[in-house]
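Q: Sharing a structure, written as structure tokens. Questions coming.
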Amino acid sequence: MRLHPNWHILLPSSTPSIYLEARVYLPPARQSAEDSTVPAITHSFLCSSTSSTAVRIDDVSSDVLQQMRSWGVRRLITAAHPWQKLGGNLLDPVISQCLTAAIYDNAQTGTALVTFNARGVGQSGGSMGIFGLNTVPGEKDFAAVERFAVDLFKPEEIRRFGYSWGSVPALNAPSATPVRSILLVSPPSTLFTLTTMFSSRTFKKALESVNDVTIIYGTKDQFTGVGAFESLARRGEVTCRVVDGADHFYRDSTSARQLVGEMWRWHEK
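Written out as structure tokens, the structure reads:
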């Protein structure tokens, strides 16, 4: 499986001694007229392989950091993966294939997508505990990764994405900068009662604090209570998009294609 070109790095979590594996997917680099004397941007630090080794951010050269700052990123999306105890990670196809296709395959875009592995997953250090149900560390880590990218790129707009369990940190992570919009794909409503017991905020309270939330779910989802989201949509609290016939994983080509289309609609609005 080849990936959209990305910067594979280790970033500090909310606990400075613990580093998290992250991939920063990038749009085509832009070079402004006033920067015409600057040498052309090189892409030697980008990769497309799923088996690459992440570089610790402390070991990244100042030249590379400067190239990243001048990349021309206008919009930042930070994405959280499904529950790690069931194999969730940043390479899940919904994120690494569908979301990247929605962002980069259909138009020229100034969007950077940042994904990261939770503690104890892949090349990330630390642990989320025996059961992995305490969502507070994940929320703080989401905020730390997002803050790094905001400080680096200085984007005009910030958005968030959460798939399945990743919906919880995407909704609840604190932010010093206003979040323009949040997209949740198949948030498992049957698990929210349990996970939000350990969360800094409840699902409903989090929805009330964000002006623009879109939820995408399949009609055959094994974990999502469709009725709950229809109720939220009727009350005008969220925008719901339905992928007919899709289950929780969107692995068949028809479901994946429809999912990409709905993601694209969210990205373009």
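For the sequence shown, position 62 (counting from the first letter as 1) is numbered 62 according to UniProt numbering, and the numbering increases by one without interruption. Built from N, CA and C at the ideal position, the CB exists for glycine as well. Fair warning: this is a prediction, and the values are worked out from it, not measured in the lab.
Compare the C-alpha of ARG56 against each of THR50, VAL64, SER49 and name the closest.
A: When only C-alpha atoms are compared, the closest one is VAL64.
Q: So which of MET68, ALA118, PRO5 has the shortest CA-CA distance to TYR19?
A: Of the candidates MET68, ALA118, PRO5, the one whose C-alpha sits nearest the C-alpha of TYR19 is ALA118.
Q: What do you get for GLY166, buried or exposed, if any count of 16 or more other CB atoms within 10 angstroms of its CB means buried?
A: GLY166 comes out buried.
Q: Mind reading off the beta-carbon distance from ILE95 to ALA79? Whole number of angstroms is fine, and I expect it under 8 Å.
A: With 8 Å as the limit, ILE95 and ALA79 qualify as a contact, their Cβ atoms being about 5 Å apart.
Q: Leaving out five residues on either side along the sequence, give the residues of the same chain with a beta carbon under 6 Å from the beta carbon of TRP83.
A: Here the set comprises TRP165.
Q: Tell me which residue opens and which closes the alpha helix (DSSP H) that GLY138 is part of.
A: Start and end: 136-153.
Q: Could you tell me the distance, in whole angstroms, from the CA atom of TYR250 to the CA atom of ARG159?
A: Cα-Cα distance, rounded: 22 Å.
Q: With DSSP run on the structure shown, which of helix, strand or coil describes TYR250?
A: It is coil, neither helix nor strand.
Q: By the three-class DSSP mapping on this structure, what secondary structure does PRO82 have?
A: Coil, per DSSP.
Q: Give every residue of the same chain whose Cβ lies closer than 6 Å to the Cβ of LYS140, excluding the five residues on either side of it in the sequence, and list them in chain order.
A: For LYS140, where only same-chain residues beyond five positions count, the Cβ hits under 6 Å are SER14.
Q: Measuring CB to CB, does residue 290 end up less than 7 Å from VAL210?
A: Any property of residue 290 remains undetermined from this structure, which presents the chain solely from 1 to 269.
Q: Quick check on the DSSP output: the alpha helix (DSSP H) that includes SER167 runs from which residue to which?
A: Element bounds for SER167: 167-172.
Q: According to DSSP, is TRP71 helix, strand or coil?
A: Reduced to three states, the DSSP call for TRP71 is coil.
Q: Would a C-beta distance cut-off of 7 Å place ASP252 and THR219 closer than the cut-off?
A: Not closer than 7 Å, so no.
Q: Please classify MET197 as buried or exposed, where buried requires at least 16 neighbouring CB atoms within 10 angstroms.
A: Here the model assigns MET197 a pLDDT of 43, short of 50, so the residue's position is not dependable and the matter cannot be decided.
Q: Using only the alpha-carbon positions, how far apart do VAL213 and ASP221 sit?
A: Answer to the nearest angstrom: the Cα atoms are 20 Å apart.
Q: When DSSP labels each residue in this structure, what does SER13 get in the three-state scheme?
A: Three-state result, SER13: coil.
Q: In the DSSP assignment, find the alpha helix (DSSP H) that holds ALA101 and state where it starts and stops.
A: From DSSP, the alpha helix (DSSP H) with ALA101 extends over 100-104.
Q: Say whether chain B places a C-beta atom closer than 7 Å to the C-beta of THR109.
A: Although the question refers to chain B, the structure presented lacks it and comprises just one protein chain.
Q: If you follow the beta strand (DSSP E) that GLU157 is in, where does it begin and where does it stop?
A: GLU157 -> beta strand (DSSP E) spans 157-163.
Q: Output the boundary residues of the alpha helix (DSSP H) element that contains ALA233.
A: 226-234 is the extent of the alpha helix (DSSP H) around ALA233.
Q: For GLN258, which residues from the same chain have a beta carbon less than 8 Å from its beta carbon, with the 5 sequence-adjacent residues on both sides left out?
A: Hits under 8 Å: VAL243, ASP244, ALA246.
Q: If I measure Cβ to Cβ from VAL179 and keep anything under 8 Å in the same chain, skipping five residues before and after, which residues do I get?
A: Result list for VAL179: ILE158, ARG159, ARG160, VAL210, in chain order.
Q: Confirm, please, whether the CB-CB distance from HIS248 to PHE229 is below 7 Å.
A: Not a contact, by the Cβ cut-off of 7 Å.
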